[in-house]
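Visitor:
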Amino acid sequence: MDYRFTDDEREQEAIPEVNLALSVQPYMFEPVIQRITGTESHELDVTDDEESDSSTSDVEDGSKKIDMSTARRLQNISWCKCQNCSLMPTVQESKCCQETNIVDGKIEEAAITCITHHEGFVANCLNIYVLETSYYEYLQENGPFDPNQMIHE
1 MDYRFTDDER EQEAIPEVNL ALSVQPYMFE PVIQRITGTE SHELDVTDDE
51 ESDSSTSDVE DGSKKIDMST ARRLQNISWC KCQNCSLMPT VQESKCCQET
101 NIVDGKIEEA AITCITHHEG FVANCLNIYV LETSYYEYLQ ENGPFDPNQM
151 IHE
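Quick note, in UniProt numbering, the sequence shown goes up one by one and the last residue is 153.
1) What are the boundary residues of the alpha helix (DSSP H) that includes E137?
2) Considering only residues of the same chain and omitting the five flanking positions on each side of E119, which have a CB-CB separation below 8 Å?
3) So, helix, strand or coil for T113, using DSSP?
4) Specify the secondary structure class of N76 as computed by DSSP and reduced to three states.
5) For the ligand SAH, I want to know if Q92 counts as a neighbour, meaning its beta carbon is within less than 7 Å of at least one of the ligand's heavy atoms.
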């Protein structure tokens, strides 16, 4: 049997053109990180061990409960130990760098009173490109934000 192809049949048997832009993509077969459900950081009760006193009555702040001793942080900055803090809109944001031991080594090493005076703070925490990279890394590890969630929460 002798098969002869016409030009139309040859065109149909030709290798189809592959759109490379839509085929293989980087990380295409990597597993997607699922957002962990459970207690969110903004749902936790905020307390400050150093300022806890007998006034433990709770104040309803939207859906969050806060201790009266920590609510005073919103009214003044007498709690600030580095003399560089400012009034913030929430109790969670009202935190002095001297109250956490995460940065103690850097503060002592550079002989400074506030972490914002450290040379690495400006380079790593205020540089827009570093912040953008950290944001993408956060999204990759924790998933996208809810549409109604504020980005700073």
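Note that CB positions come from ideal geometry on N, CA and C, so glycine has one too.
Guide: Walking through what the data contain:
1) In the DSSP assignment, E137 falls within the unbroken alpha helix (DSSP H) covering I128 to N142.
2) The answer, listed in chain order, is A110.
3) Looking at T113 - three-state DSSP - the assignment turns out to be coil, as it is neither helix nor strand.
4) In this structure, DSSP gives N76 a state outside helix and strand, which the three-state scheme calls coil.
5) No copy of the ligand SAH occurs in the structure displayed, which carries no ligand at all.
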